[in-house]
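Reading through the structure tokens given below for one structure.
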Amino acid sequence: MEQALIVNCSPVRTGATARIAGIIAQRLSARYAVHEVCIDDYRFGFCLGCRRCHDTAICVQRDGVDNLMEEFSCADVIVCVSPSYWADVPGQFKAFIDRCTPWCNTHEPHARLRPGKRGFAVALRTGPGMRECERILDTLEHFYGHLDIACRGRLGLCGVERREDVAGKINEIRQFCEGMIL
Ligand SMILES: Cc1cc2nc3c(=O)[nH]c(=O)nc-3n(C[C@H](O)[C@H](O)[C@H](O)COP(=O)(O)O)c2cc1C
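In our numbering, the protein residues as written are 4 to 185.
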């Protein structure tokens with residue numbers, strides 16, 4: 004059975020992002036072995052910008068990034084679900100993206116994930132405009148692209164402040180999931 008990894012990019016384990024991740028996990032469990040993680044499950048340092056990984060393809064820091072990347076390695080499908088924090092991904096997730104530089108395909112040597120992984124991006128925000136969601140979705144797609152993960156779908160959800168607000172979006176989320184289980 005293929006594996007799906009659902010990443011809650013919010014540090015809140017019980018909020019709106021977690022609720023959306025849970026709905027996706029439930030739907031995907033019919034087709035995949037699903038594993039849900041939260042960025043707050045991992046402790047890691049910021050990228051130091053030292054660029055040693057440009058020569059070695061390995062970070063000088065050994066910490067929770069290794070564990071989260073192990074989850075990425077195992078997964079066939081990766082779904083990152085991110086809230087808007089100041090019109091961007093939460094700082095914890097951005098710090099993780101920075102630390103993925105050893106896997107970034109713009110320099111040689113670089114670490115590689117197994118080819119053929121499919122990615123999906125989901126963004127949510129409290130405000131009404133989709134443009135801010137698009138910005139976050141662009142960040143996630145950009146991240147996938149540099150890890151050679153093919154982005155196969157994106158979903159933006161506006162007007163979501165709290166967990167309870169997700170109730171009105173369930174059909175939209177389930178519909179989006181159909182594109183993941185083909
Ligand atoms: C620090 C912080 C910054 C936020 N910035 C924005 C923002 O710029 N635009 C927006 O529409 N919502 C913003 N929000 C609201 C969240 O996107 C929204 O409440 C989301 O549902 C939070 O999900 P979570 O509780 O799972 O983290 C912000 C929330 C927090 C905590």
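The beta carbon of each residue, even a glycine, is placed where N, CA and C say it ideally should be.
Your pair Val80 and Tyr35 checks out as a contact, with CB atoms roughly 6 angstroms apart and the cut at 8 angstroms.
Cα atoms of Arg102 and Val68: separation of roughly 7 angstroms, rounded to the nearest angstrom. Judged by their CB atoms, Cys161 and Ile27 are not nearer to each other than the 8 angstroms cut-off.
The beta-bridge partner set that DSSP reports for Val40 consists of Val10. Here DSSP, grouped into helix, strand and coil, assigns Val169 to helix. In the structure shown, the three-state DSSP call for Gly148 is helix.
Rounded to whole angstroms, the separation of the alpha carbons of Val15 and Phe49 is 20 angstroms. Restricted to the stretch 83–120, the alpha helix (DSSP H) segments that are unbroken, complete and at least 4 residues in length are 94–102, listed in chain order. Look at Gly25 here: in three-state DSSP terms it is helix. Under DSSP, Ile81 takes part in a beta bridge, and its partners are Leu8 and Gly122.
Counting along the chain, Cys154 sits inside no alpha helix (DSSP H); it lies in the beta strand (DSSP E) bounded by residues Ala153 to Leu160. Contact check between the stretch 115–129 and the stretch 81–91: three or more CB pairs, one atom from each, fall below 8 angstroms, which counts as touching. Under the 8 angstroms Cβ criterion, the stretch 8–23 counts as touching the stretch 153–171, having at least three qualifying pairs. Near ligand 1, meaning a beta-carbon closer than 5 angstroms to one of its heavy atoms, we find Ser13, Val15, Gly18, Ala19, Thr20, Pro86, Ser87, Tyr88, Trp89, Ala90, Arg128, Thr129, Gly130, Val163 and Glu164.
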